[in-house]
Structure formats: structure tokens, C-alpha cells
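Protein chains: 2
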Amino acid sequence: MLTTLQATDPGSRLAIGAVAAGVTQMPPKADVLGSLKPLAAIVRFDRDEEIVAQGGKAAYCYLVVSGCVRTVRLSEDGRRQVGEFVFPGELFGWEALDAHDFGAEAVTPVTLHRFARLDFDGLADRDHGFARRLRELTGIQVRAGRDRMFRLGRMSACERVASFLLEMTERMNLVDRPSIELPMCRTDMADYLGLTIETVCRELTQLRRDGTIAVERTKVTILDRRALAAAGCRRVIH
Amino acid sequence: MLTTLQATDPGSRLAIGAVAAGVTQMPPKADVLGSLKPLAAIVRFDRDEEIVAQGGKAAYCYLVVSGCVRTVRLSEDGRRQVGEFVFPGELFGWEALDAHDFGAEAVTPVTLHRFARLDFDGLADRDHGFARRLRELTGIQVRAGRDRMFRLGRMSACERVASFLLEMTERMNLVDRPSIELPMCRTDMADYLGLTIETVCRELTQLRRDGTIAVERTKVTILDRRALAAAGCRRVIH
DNA sequence: CGGACAGTTGAGGCCTATCAATGGTGGTGG
DNA sequence: CCACCACCATTGATAGGCCTCAACTGTCCG
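In order, the protein sequence lines correspond to chains A and B.
What the first sequence shows, in my numbering, is residues 1 to 238, in sequence order.
What the second sequence shows, in my numbering, is residues 239 to 476, in sequence order.
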């Protein structure tokens, strides 16, 4: 509406287009926490272990050192939504209010730095740079959330899966490499994308048959990145 | 956040349940901006007027004084996603990075306070309280985004519409009153909920036939709040 | 009055969920 | 070492929810 999309130079238009197409922004692997590190406890969790409980008191937040974490919400009737996957160098749990609205679980064995939220806020009060980077991080997180909103609200299954694969290559810093090892199982992918496992499988198969990717269990090789980026338009004819 | 709200009493667990059911949290109508107000410019926009362009440079952010604003993303093929509706007392545009990933348009005639992002950041540097409230606001925004994510990814059309109506009564501070005047048209609702206008209509009709609500154009009266809260389970049998 | 527009309702089709069965892999214990 | 089991992934058949296309109504406004 009101498409006076005036201007904003041609470039930015394209950039947004890319985002809308599912290429989500990647958080900078900044050491946001520099001066906080001495206060960190190192904690480890096994695969599928619960790190924070949904509804649990938000006493700590975490920085992923190695491995992969998922945040999850489970509704009473068993429906499950994965909020996000968290990769090394990224934070989670710091934006909670009093309680964690999403739980967190280890997708793979993980090593984490754990910070007391009190220390966290204290540092933000003392250190403007830290507070500023925190606000920047906020922007990144909110933006990522909006990308996912578009994906869930307006993308077909095929597009969701294709954009997911592209997102993962970015998130895992493997843009230049064709092959990625997905840490999460199909169920996690499905609950992240708002689909069923079966549909995720079928779309992967479809992309494989098209010669766009190769799949063997958790390893996905992107054979044709351009086609993957364009994927999904096949079925959505407007 | 971290505001010694550490009273994770039994209630908070329930609260999460309610959130998962689609009752989103309402941002506090705090005057977050106290000391910034002198720097604000007052701006007005007519219905459907563009306030910030999608992809536009993020020079300003806004506080809604009166009226309602929607944030929108438009993809190249015309698909549209409404990111959020912004009501009086709430901010938008402050979390942008370099450019606005969503545009903003006036749903109704609106009056806004406009702030330069630079002033905004400057104040955050000087005023810990402001910075802290900003972080708190972040948490609220991220949480609301997650609620919508669950809605878009895991809720049926009926549930989405029902939870939307409940969200609006909360957002507009009309929880106690049965009748609300929705400021937005069906198209906006549909693009917010990831549905089509027709489906939104049909679900409203269904709720009306059930005796749960009464509808006349933009005015919706909630006849049976309990039934509305439970709505949608009808079609999702697990 | 007529035209534009938002909202509503109906018919039909597609996309995705559901139900079900099979194949493959890893772990465990005989 | 291999049988067995549990679990994940894949594929097929079918059903159903939501979208698409279309027609109609009511309202506003020139």
C-alpha cells in the first residue's frame, strides 16, 4: 500500500528484497562480552539436555562457545515451535523479562559461558560500549525475528526450506563452502519452519531431484546456490 | 529486565501458558522518553500515509501519541507481511540498524513524536535508567515477536483470529470493555496473521455464528471471552 | 446516480497435514 | 559378530484447511 517506495536508493531496495526472500542477516560473532568474561561460568550440556526451562526464572543468560542450542516453546496440546537456533559466538536468554518465555535445549553437545543477569545488567550500566553493542544486538535479533515472521506467514513450504538452508550456511559461516553439516534433526527443522517433518523431507527431496542440493542424512551439499535462492517461486505463481 | 522481578511465583508459569495460547504481552505505556521529549518533533500523518519507507535510512524513531501505525514488509512479488501494530505510548523504528527492514504506515490519522536516532543513542549513553528501560522494552518486543512466531507457525486460522482479537483488547487497554473498535481493515489483519482477507472474514463469521462475538464492520463485541480464549481448539483435534 | 472500495459469501482446487508403511542407522546385549 | 530394537528419515495415499477466483452487498463520496 501506499507504495511511494520512493527512493531510498536502488541498492537498499535490493537488500530488503534479499531479506524478504529469506536470506536472513547474520549476527556478528562479536566478543560482546569482553569485560564480562571473568564472571562467566563454563557449563556443558549433552545432546537434548534442557538448559533453561520454559517459564523458568531468568537468572542467567548464555554465550554459546561450541555446539548448537535451540529455543523452544511447547503449548499445552503438544504443539512445538522452535524460536531460534543459537550458534557459537551468539547469546541467548539475555532478553528475557522475569521468566524465560522459551525454553532452551542442546541440539548437540554444547559448551556455554553462563552469566548472571545481574552482572550482565551491571556491566551494561557501567560500560556504554557494552550497552551500545547490546542495543545493536537487539536490532539484529529483532530483525531476524521479522525475517522469520515473513517466512512463517507468507512463504510456501519449499521457500521455507530453501531459505532455511541458506540461512544455515550463513549462520555457520560456511557461505563459501558448498557442503554443510546440519546439527539439528528434521523435527527441529520442521518446528522451526512451522511445517511437519514429512513436508520438510518432501521439499528436500524435491530440491534434490531438481539437482539443487544433495542430501545424505544431516549433510546437505548445495549444488546450485542460485537455484536454491530462487527456489519456491516454482510453486507460488502470482 | 532484571528489575528484581524475580518473583517467579507459580503464576508466571501460567502466564507462559497464556502466552502460548496467543495472549500476547502488552508493552507498558511507560514514558520511556522523559528526558528526551524536549528533542522531539511532533509530526502527523494521514490514513495510509507512509511514515518510513521499507529500506529507508534509519535516521529517526517514533513514539505514537495518538492513532495506530503498522509496520510492513513488501516482497517483490507483492506478498505483504504486517510486522506489528503500534499503539499510543509505544515506540517503533528505534531498533533498526542502518536501514529500516520494515516500512511504517499510518493505519489511522496519527500524531507522533519523532526523535533523531543519534539523540536517542546519546541519551542512552548518558542515562542508565533510560538505557535499562530500553533493554526492558527490547525484551518485551522480542517476546511479542515470539508470540507471533508461534501464532504464524503453529496456529490454525481460527486460533489466529481469536488470539488477535484478544491481543487487540489488551493492546488498546480495553480488556474490561466488551466492545472494541478495530482501527485496521481486514487486509491489514490478514497480512498480520499470515492469512487472506477471505479467511479472516470466514473465521469472524464463524465466531459470530457461535455467539462468541458480534461484528459490525470494524466494531467487534466480545460476547463470550472464555469461548474466544478457547477458540480454535475446535478445529485442531490432536 | 454511479463508481470505487471494503467486506462477505460461495465453489473449487491446491498445498500441506495426517495416517501409515518402509528403509536405514546406531546402539545394546547376547 | 550379529540379532534386535529404537529412532530418524523417507515415501505413499488420503483428507482437509486454507487459498484462489468469483459474485454480491453495503457504504461512502463525487
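Just so you know, even glycine gets a beta-carbon here, dropped at the ideal spot from N, CA and C.
All figures in this text were calculated on a predicted structure; none of them were measured in a lab.
Per the DSSP secondary-structure output, Q319 of chain B pairs in a beta bridge with B:R311. Proximity of L390 of chain B to chain A, defined by a Cβ-Cβ separation below 7 Å, is satisfied. Comparing alpha carbon positions, the residue from B:W332, B:L375, B:T450, B:D426 closest to V345 of chain B is B:D426.
When only Cα atoms are considered, P326 of chain B and L277 of chain B end up about 19 Å apart. Interface criterion met: the Cβ of A131 of chain A is under 7 Å from a Cβ in chain B. Nearest in C-alpha terms to S394 of chain B, of all of B:A291, B:S313, B:G321, B:L433, is B:L433. Sorting B:T407, B:V458, B:R389 by C-alpha distance to the C-alpha of T443 of chain B places B:V458 at the top.
Closer than 7 Å at the C-beta level to chain A, one finds these residues of the region 331-346 of chain B: E333, A334, L335, A337, D339, F340, E343. Contact check for E95 of chain A against V324 of chain B fails: the beta carbons are separated by 7 Å or more. For S179 of chain A, the pairing in a beta bridge is given by DSSP as A:T221. Each of A:S66, A:G139, A:L91 was checked against the Cα of V110 of chain A, and the nearest Cα belongs to A:S66. Excluding sequence positions up to five before and after L335 of chain B, its CB lies within less than 8 Å of the CB of A296, all in the same chain and listed in chain order. A distance of 7 Å or more separates the beta carbons of D191 of chain A and R44 of chain A.
Neighbourhood of D125 of chain A in chain B, by CB distance below 9 Å: H366, A369, R370, in chain order. Under the DSSP definition of a beta bridge, T349 of chain B partners with B:R282, B:S304. Taking the C-beta atoms as reference points, A354 of chain B is found no nearer than 7 Å to A362 of chain B. Between L165 of chain A and P183 of chain A, the alpha-carbon positions lie close to 12 Å from each other. Taken in chain order, the unbroken stretches of alpha helix (DSSP H) that lie wholly in the region 329-387 of chain B and span 4 residues or more are 355-364. For a Cβ distance threshold of 7 Å, residue set E333, Q379, V380, G383 of chain B lies close to V142 of chain A, ordered along the chain. Around F120 of chain A, the same chain offers L36, C61, W94 as residues with beta carbons nearer than 8 Å, after the five sequence neighbours per side are excluded. Collapsing the DSSP output to three states places E408 of chain B in a helix. DSSP places A190 of chain A in no beta strand (DSSP E) but in the uninterrupted alpha helix (DSSP H) bounded by 186-193. For the C-beta of G321 of chain B, the chain A residues within less than 8 Å are, from N- to C-terminus, R146, M149. Residue burial is scored here from C-beta neighbours: L375 of chain B has at least 16 other C-beta atoms within 10 angstroms and is therefore classed as buried. T456 of chain B is outside the set of residues whose beta carbon lies under 7 Å from a beta carbon in chain A.
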